[in-house]
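Novice:
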Amino acid sequence: MPTIVINNTAHFDFGALSRLEKTLGEIGVSRPMLVADKGLTAVGLTARAVEAAGARPFAAVFDDTPANPTEAAVIAAVEAYKAAGCDGIVALGGGSPMDLAKGAALLATHEGPLERYGVTLRGSRHIGPVCPLIAIPTTAGTGSEVSTGAIVILSSGRKETFISKHLLPPVALCDPELTLGLPKSITAATGMDAVAHCIEAILTPVVNPPLEAIGYDGLRRAVGEGWLIRASEDGSDRQARWEMMMASLEGALAFGKGLGAVHSLSHATGRIHDLKLHHGTLNAIYLPGVLRFSEDSAPEKYVRMREAMGLKPGADLADAVVELTVRLGVPTRLGPMGLTEEQIPGIAEYAETDLAHFTAAKRPTRADYEGLVREVI
41 MPTIVINNTA HFDFGALSRL EKTLGEIGVS RPMLVADKGL TAVGLTARAV
91 EAAGARPFAA VFDDTPANPT EAAVIAAVEA YKAAGCDGIV ALGGGSPMDL
141 AKGAALLATH EGPLERYGVT LRGSRHIGPV CPLIAIPTTA GTGSEVSTGA
191 IVILSSGRKE TFISKHLLPP VALCDPELTL GLPKSITAAT GMDAVAHCIE
241 AILTPVVNPP LEAIGYDGLR RAVGEGWLIR ASEDGSDRQA RWEMMMASLE
291 GALAFGKGLG AVHSLSHATG RIHDLKLHHG TLNAIYLPGV LRFSEDSAPE
341 KYVRMREAMG LKPGADLADA VVELTVRLGV PTRLGPMGLT EEQIPGIAEY
391 AETDLAHFTA AKRPTRADYE GLVREVI
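If you're matching positions, the sequence shown starts at 41 in my numbering and goes up one per residue.
#1: Leaving out five residues on either side along the sequence, give the residues of the same chain with a beta carbon under 6 angstroms from the beta carbon of Val330.
#2: Using 8 angstroms as the cut-off, can you tell me whether the stretch 52-61 makes contact with the stretch 213-223, which would need three or more C-beta pairs spanning the two stretches below that distance?
#3: Residues in its own chain within less than 7 angstroms of Tyr342 by CB, not counting five upstream and five downstream?
#4: Pull the bridge partners of His51 from the DSSP assignment, please.
#5: Looking at C-alpha atoms only, which residue of Asp233, Ile254 and Val114 is the closest neighbour of Thr321?
#6: Could you spell out the range, first to last residue, of the alpha helix (DSSP H) harbouring Gly386?
#7: I'd like to check one pair, Glu240 with Glu200: are the Cβ atoms closer than 8 angstroms?
#8: Return the residue from the list Gly296, Leu259 and Pro169 that minimises the CA-CA distance to Leu251.
#9: Alpha carbon to alpha carbon, how far is Thr372 from Ile421? Give it in angstroms, no decimals.
#10: Taking DSSP as the reference, what is the three-state secondary structure of Met431?
#11: What are the boundary residues of the beta strand (DSSP E) that Glu174 is part of?
#12: Counting pairs of Cβ atoms below 8 angstroms between the stretch 155-164 and the stretch 97-110, do you hit three or more?
#13: Looking at the unbroken beta strand (DSSP E) that takes in Ala124, where does it start and where does it end?
#14: Please tell me whether Leu6 and Leu305 are closer than 8 angstroms, where the distance is taken between their beta carbons.
#15: With a CB to CB cut of under 7 angstroms and the five nearest residues on each side skipped, what residues in its chain are close to Phe206?
#16: Which residue comes first and which comes last in the beta strand (DSSP E) that contains Glu200?
#17: Where does the unbroken alpha helix (DSSP H) through Met345 begin, and where does it stop?
#18: Using a Cβ-Cβ cutoff of less than 6 angstroms, which residues in the same chain neighbour Ile387 once the five nearest sequence positions on both sides are dropped?
#19: Within a Cβ cutoff of 7 angstroms, which residues of the same chain sit near His397, ignoring the five residues on either side of it in sequence?
#20: What separation, rounded to the nearest whole angstrom, lies between the Cα atoms of Ala401 and Ala50?
#21: So which of Asp104, Ile176 and Ile269 has the shortest CA-CA distance to Met138?
#22: Who pairs with Leu74 in a beta bridge, going by DSSP?
#23: Where does Val362 sit, in a helix, a strand or coil, going by DSSP?
#24: Considering Cα atoms alone, identify which of Val246, Thr393 and Val186 is closest to Arg162.
#25: I think Arg270 touches Ala348, with their Cβ atoms under 8 angstroms apart; what is that distance to the nearest whole Å?
#26: Beta-carbon within less than 6 angstroms of Thr179's beta-carbon, same chain only, minus the 5 sequence neighbours each way: which residues are those?
#27: Looking at the secondary structure, which residues open and close the beta strand (DSSP E) in which Ala190 lies?
#28: Do you know offhand how far Ala446's Cα is from Glu265's?
#29: What are the start and end residues of the alpha helix (DSSP H) that includes Phe333?
#30: Taking the straight line between their C-alpha atoms, what separation do you get for Glu185 and Arg59?
#31: One question on the structure: do Val75 and Ala117 come within less than 8 angstroms of each other, judged by their Cβ atoms?
#32: Measure the alpha-carbon distance for Arg406 versus Met286 and round it to whole angstroms.
#33: Going by Cα to Cα distance, which pick from Glu111, Gly79, Lys78 and Gly65 is closest to Gly94?
#34: Express the C-alpha separation of Glu283 and Ala253 in angstroms, rounding to a whole number.
#35: Classify Pro376: buried if its beta carbon has 16 or more other beta carbons within 10 angstroms, exposed otherwise.
Structure, rendered in structure tokens:
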């Protein structure tokens, strides 16, 4: 029996950041902590959030979020939260600050270790209410502001997934203004993350027609109508930024019905600390191979995806994704980025146990995963 759930409250439009002070009051937070990263601080977005808090100033600002959130960084954020006597968290940024903020909200209200609450140990049942959380995205890709999940690299090296309704920020402030001027490389990579979310959510066999429809709309918006290309080619295009932030939000809503082998591989590869690979870039690289691998599992969905992407009937979806990736300037190979043949078995082994593997349209075997990685070396 399908269970249909659609998520939180998102205030969405240019100027949404100006609601921060009011929103803090509405959820009863008087001593918030801001979670961001050094890049956001350098370009002035942290300062804009501080200003928007107004009469409810931040008691602490934590901007030491690494590119891929780690357990050590989560613990450091919790220490800062407790030392300042905070009573809520505002997450500002892309997926990394938002995931770190969710991890901090969890450990600020629950006994450690963090591992206890991950999906590997079926830890969702141990997650109760966390401290109040507001999410403010500054990229258009991850959609973490409307997601019940977070991903953190544990001290053991495992890239662990945490999922609970309690990790869903009750309020998101989605202000496309904050994405104006993002570099083309970030716009493109995060945009491909949103595209991968829409496609994998559509393909997963989990039954949830409303979320699947949202996935088609996000795919149409990002690719079929060309907003991803426009946003990447002109960082000041306000309509393109609005449309891509919406596509990102839609992708995350859609993957409430699951993801698949693209994300299994991206999680498995992204956990390799020395490579420091961007999640959206990995999704873009792996997506064509998985589309070819999975096509016989859902041919009718491929027909509808072609329509959403503005392609001709019978067009090769994988080839279309490669063409889009190349036009955006996103890498298409992992070898030049440092991945070696010796790392492939470990990636395949991890991918086979990742949560996304179990909702894939067509589940690869370990040998299949190895082949998918070799295709893009």
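For glycine and all other residues, C-beta sits at the position ideal for the given N, C-alpha and C.
Specialist: Quick answer:
#1: Ala301 and Val302
#2: yes
#3: Glu335 and Leu357
#4: Leu213
#5: Asp233
#6: From DSSP, the alpha helix (DSSP H) with Gly386 extends over Ile384 to Ala391.
#7: no
#8: Gly296
#9: Within the shown structure, residues of the chain are numbered from 41 to 417, placing residue 421 beyond reach of any answer.
#10: Residue 431 falls outside the range modelled here, since the chain spans only 41 to 417, and no answer is possible.
#11: At residue 174 the sequence reads Ile, which differs from the Glu that was named. Note, Ile174: beta strand (DSSP E), Leu173 to Pro177.
#12: no
#13: Unbroken run through Ala124: none, as it is neither H nor E.
#14: Past the boundaries of the shown model lies residue 6; the chain is included only from 41 to 417, so the question cannot be answered.
#15: It should be pointed out that residue 206 corresponds to His in this sequence rather than to Phe. Beyond the five residues adjoining it in sequence on each side, His206 comes within less than 7 angstroms, by CB distance, of Ile167, Gly168, Pro169 and Val170 in the same chain, given in chain order.
#16: It spans Lys199 to Ile203 - the beta strand (DSSP E) in which Glu200 sits, taken as one unbroken run.
#17: Pro339 to Ala348
#18: Ala308, Thr309 and Val413
#19: Ala301, Ser304, Ala391 and Arg403
#20: 30 angstroms
#21: Ile176
#22: Val101 and Val130, per the DSSP bridge assignment.
#23: helix
#24: Distance from the Cα of Arg162 is smallest, within the candidate group Val246, Thr393 and Val186, for Thr393.
#25: Not confirmed; about 17 angstroms, so no contact.
#26: Gly134 and Thr230
#27: Boundaries of the beta strand (DSSP E) harbouring Ala190: Gly189 to Ile193, taken from the DSSP string.
#28: Nothing can be reported for residue 446, as the shown portion of the chain is limited to 41 through 417.
#29: His319 to Ser334
#30: 16 angstroms
#31: yes
#32: 35 angstroms
#33: Gly65
#34: 17 angstroms
#35: exposed
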